[in-house]
Amino acid sequence: MSNSIIPSINLKVGLIGAGLQGKRRSPVLKQLPGNELVMVASKNIEESAKIAESFNCEATDRWQDIIERNDINAVLICTPPNLHAEMSIAAMNTGKHVLCEKPLANTVEEANAMIDAARNNNVTLKCGFNHRHHPAISKAKESFDNGIIGEINYIRCVYGICGRPGYETEWRADPNVISGGHLMEQGIHAIDLFRWFLGDFDKVSGYTSTRFWEMSPLEDNAFAILRTTKGQIASLHSSLTQWKNQFIFEIFGQDGYIIIEGLGGGYGTEKLTIGKRAFYEPFKDETTEFRGSDISWLEEWKEFMQAIAEKREPIGSGYDGLEALKLVNAIYQSANKG
Numbered sequence: 125m126s127n128s129i130i131p132s133i134n135l136k137v138g139l140i141g142a143g144l145q146g147k148r149r150s151p152v153l154k155q156l157p158g159n160e161l162v163m164v165a166s167k168n169i170e171e172s173a174k175i176a177e178s179f180n181c182e183a184t185d186r187w188q189d190i191i192e193r194n195d196i197n198a199v200l201i202c203t204p205p206n207l208h209a210e211m212s213i214a215a216m217n218t219g220k221h222v223l224c225e226k227p228l229a230n231t232v233e234e235a236n237a238m239i240d241a242a243r244n245n246n247v248t249l250k251c252g253f254n255h256r257h258h259p260a261i262s263k264a265k266e267s268f269d270n271g272i273i274g275e276i277n278y279i280r281c282v283y284g285i286c287g288r289p290g291y292e293t294e295w296r297a298d299p300n301v302i303s304g305g306h307l308m309e310q311g312i313h314a315i316d317l318f319r320w321f322l323g324d325f326d327k328v329s330g331y332t333s334t335r336f337w338e339m340s341p342l343e344d345n346a347f348a349i350l351r352t353t354k355g356q357i358a359s360l361h362s363s364l365t366q367w368k369n370q371f372i373f374e375i376f377g378q379d380g381y382i383i384i385e386g387l388g389g390g391y392g393t394e395k396l397t398i399g400k401r402a403f404y405e406p407f408k409d410e411t412t413e414f415r416g417s418d419i420s421w422l423e424e425w426k427e428f429m430q431a432i433a434e435k436r437e438p439i440g441s442g443y444d445g446l447e448a449l450k451l452v453n454a455i456y457q458s459a460n461k462g
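Residues 125 to 462, numbered by the working numbering, are exactly what the sequence shown covers, in order.
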């Protein structure tokens with residue numbers, strides 16, 4: 125889990141990508157001491173200039189300008205996935221630490237090349253799995269690690285959104301930009317959480333469909349079942365036709381259960397419920413609500429800084445991004461077999 129202590133480290137940051145995620149992620153650089161945004165790059169210079177103005181820093185329409193700056197030692201990559209590998213590797217080859225949005229890359233080969241670049245240049249590579257840093261989820265992991273519910277039997281997750289008018293025209297619906305549909309773009313968060321709680325899986329099966337959004341061959345719904353060597357099961361429905369945003373992550377163990385509902389904002393108040401198995405006494409559970417703004421972006425960047433300072437792999441590492449990508453690909457392969 126993220127350390128509440130602010131790391132003692134100074135990062136001069138370059139932001140590549142001034143779209144939705146760039147706007148979401150960049151504010152934490154003002155909130156945490158030890159960070160200075162030096163340059164913002166986007167092919168849309170007007171968008172990069174908007175963010176740059178708020179930080180009183182430089183804007184450019186060439187991402188290479190960030191790579192070429194010797195004073196920048198960390199890069200935040202918030203571009204579509206088809207650009208992740210090229211940009212990340214270029215940054216790491218000049219000694220820069222990288223936090224790259226998920227999915228880590230479009231292919232396993234690209235992801236492996238990114239991990240190799242981090243290793244060869246002795247820099248930190250973190251995949252943008254901010255869900256690990258939502259307070260309900262991080263508290264759930266802490267409770268599980270402390271043995272509150274015993275060994276996990278199964279995990280069940282529903283993660284759905286409704287899309288928005290014009291979704292078909294966005295890069296998220298373009299197979300030339302992203303190598304999968306909603307499972308790859310959003311459901312991969314749940315896949316990463318499955319691994320975080322259960323470890324590796326030896327068997328997966330999946331079904332996909334495209335029922336509403338005109339984005340074929342990419343899917344707007346995916347159903348997946350994953351199994352560990354111990355027989356533990358994780359199931360996921362990742363949907364772009366949920367109509368009302370929903371996130372439910374249920375963990376059932378030998379001695380109790382943990383239920384996470386909501387992620388704040390359009391998903392509703394983030395809640396954590398912990399209950400204990402009770403055969404011979406009155407049933408009871410306890411629910412904690414986490415209100416306020418989404419702090420997962422801040423906690424994720426704090427963990428990135430901490431990993432750099434301590435010279436260790438971050439929570440939600442490049443390797444975690446690779447393994448989640450492999451599982452998503454395996455689900456697609458199963459779905460394609462029918």
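Built from N, CA and C at the ideal position, the CB exists for glycine as well.
Local Cβ density within 10 Å of residue i, reported as buried at 16 or more and exposed below that
| i | result |
| --- | --- |
| residue 228 | buried |
| residue 201 | buried |
| residue 472 | The question about residue 472 has no answer, for the chain in this structure spans 125 to 462. |
| residue 409 | exposed |
| residue 457 | exposed |
| residue 226 | buried |
| residue 290 | exposed |
| residue 148 | exposed |
| residue 389 | exposed |
| residue 268 | buried |
| residue 347 | buried |
| residue 414 | buried |
Nearest candidate by alpha-carbon position, reference residue i, set the options
| i | options | result |
| --- | --- | --- |
| residue 285 | 391, 221, 222 | 391 |
| residue 154 | 135, 168, 140 | 135 |
| residue 372 | 382, 176, 138 | 382 |
| residue 80 | 215, 398, 149, 413 | Outside the modelled stretch of the chain, which goes from 125 to 462, sits residue 80, for which no answer is possible. |
| residue 441 | 239, 233, 188, 219 | 239 |
| residue 367 | 358, 380, 336, 349 | 336 |
| residue 166 | 156, 144, 254, 416 | 144 |
| residue 431 | 251, 389, 298 | 251 |
| residue 477 | 178, 359, 192 | Here the chain covers residues 125 to 462 and nothing more, so residue 477 does not appear. |
| residue 85 | 449, 375, 275, 184 | Shown here, the chain extends from 125 to 462; a query on residue 85 therefore has no answer. |
| residue 131 | 433, 204, 296, 186 | 433 |
| residue 444 | 315, 407, 365 | 315 |
| residue 288 | 186, 364, 270, 148 | 364 |
| residue 204 | 194, 296, 151, 270 | 296 |
| residue 187 | 180, 164, 181 | 164 |
Beta-carbon proximity check, residue i vs residue j, cutoff 7 Å
| i | j | result |
| --- | --- | --- |
| residue 429 | residue 196 | no |
| residue 235 | residue 446 | yes |
| residue 439 | residue 427 | yes |
| residue 323 | residue 455 | no |
| residue 313 | residue 344 | no |
| residue 171 | residue 198 | no |
| residue 308 | residue 452 | yes |
| residue 175 | residue 138 | no |
| residue 325 | residue 352 | yes |
| residue 396 | residue 412 | yes |
| residue 370 | residue 282 | yes |
| residue 219 | residue 245 | yes |
| residue 256 | residue 374 | no |
| residue 216 | residue 140 | no |
| residue 339 | residue 292 | yes |
CA-to-CA distance, residue j to residue i, given in whole angstroms
| i | j | result |
| --- | --- | --- |
| residue 242 | residue 262 | 26 Å |
| residue 424 | residue 248 | 14 Å |
| residue 231 | residue 206 | 9 Å |
| residue 259 | residue 321 | 15 Å |
| residue 310 | residue 362 | 8 Å |
| residue 403 | residue 377 | 15 Å |
| residue 158 | residue 341 | 44 Å |
| residue 462 | residue 333 | 11 Å |
| residue 169 | residue 223 | 22 Å |
| residue 213 | residue 400 | 47 Å |
| residue 405 | residue 435 | 48 Å |
| residue 254 | residue 421 | 6 Å |
| residue 416 | residue 264 | 19 Å |
| residue 460 | residue 183 | 44 Å |
| residue 266 | residue 275 | 14 Å |
| residue 384 | residue 237 | 35 Å |
| residue 359 | residue 152 | 33 Å |
| residue 379 | residue 349 | 23 Å |
| residue 304 | residue 185 | 27 Å |
| residue 180 | residue 192 | 20 Å |
| residue 300 | residue 270 | 44 Å |
So within the region 327 to 361, which uninterrupted beta strand (DSSP E) runs reach at least 3 residues, ignoring any that extend past its ends?
If one requires a minimum length of 3 residues, the beta strand (DSSP E) runs lying completely within the region 327 to 361 are 327 to 333, 345 to 351, in chain order.
Of all the beta strand (DSSP E) runs that stay within the bounds of the region 372 to 396, which reach a length of 3 or more residues?
380 to 385
Would you list, in sequence order, the uninterrupted beta strand (DSSP E) runs of no fewer than 3 residues that lie entirely inside the region 176 to 204?
182 to 184, 198 to 201
Quick one: complete beta strand (DSSP E) runs, 3+ long, within the region 229 to 317?
249 to 252, 276 to 284
Every unbroken alpha helix (DSSP H) inside the region 207 to 231 [4 residues or more]
The qualifying runs are 208 to 216.
Quick one: which unbroken alpha helix (DSSP H) runs of 4-plus residues sit fully inside the region 407 to 459? Chain order, please.
420 to 434
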